[in-house]
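Read the structure below first, then the notes.
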Amino acid sequence: MTTQTTTVYVQTDEGKYLIQLPDDSRFGFSLYDEDQSWEGGVGIATGWAAVSASSVPAKVRAKLDWILRGG
Numbered sequence: 005m006t007t008q009t010t011t012v013y014v015q016t017d018e019g020k021y022l023i024q025l026p027d028d029s030r031f032g033f034s035l036y037d038e039d040q041s042w043e044g045g046v047g048i049a050t051g052w053a054a055v056s057a058s059s060v061p062a063k064v065r066a067k068l069d070w071i072l073r074g075g
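Going by the numbering used here, the letters in the sequence shown line up with residues 5 to 75, in that order.
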């Protein structure tokens, strides 16, 4: 079974917002904040869910949107 990973905002169980980007890692994605990345999300949270961009506070989007523009 093939799983496709998409680029989305996610919110951790603790309320932190991150961006999920597909990559070539063994997990198929990494999670990013404005300073760091976590391959497969390992080490940042025990759980997270995709959220719509409109539900992410504007201040948070301003910090993270550079990631979506490719750095």
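C-beta: ideal position from N, C-alpha, C; glycine also.
Beta carbon of threonine 16, beta carbon of tryptophan 52: below 8 Å?
-> Yes.
Report the residue from Asp28, Glu18, Val46 and Leu35 whose alpha carbon sits nearest the alpha carbon of leucine 68.
-> Looking at the Cα atoms, Leu35 is the closest of the given residues.
Residue from Glu38, Gly74 and Phe33 with nearest C-alpha to valine 46 = When Glu38, Gly74 and Phe33 are compared, the shortest CA-CA separation from valine 46 is found for Phe33.
State buried or exposed for glutamate 18, treating a residue as buried only when at least 16 other CB atoms are found within 10 Å of its CB.
-> Under this definition glutamate 18 is an exposed residue.
Given that a residue counts as buried once 16 or more other Cβ atoms are within 10 Å of its Cβ, and exposed if not, what is alanine 24?
-> Here residue 24 is glutamine; the residue named in the question, alanine, does not match the sequence. It is buried - the Cβ of glutamine 24 has at least 16 other Cβ atoms within 10 Å.
Relative to the C-alpha of glycine 44, which residue among Glu38, Val55, Ala57 and Arg30 is closest?
-> Taking only the C-alpha atoms, the option nearest glycine 44 is Arg30.
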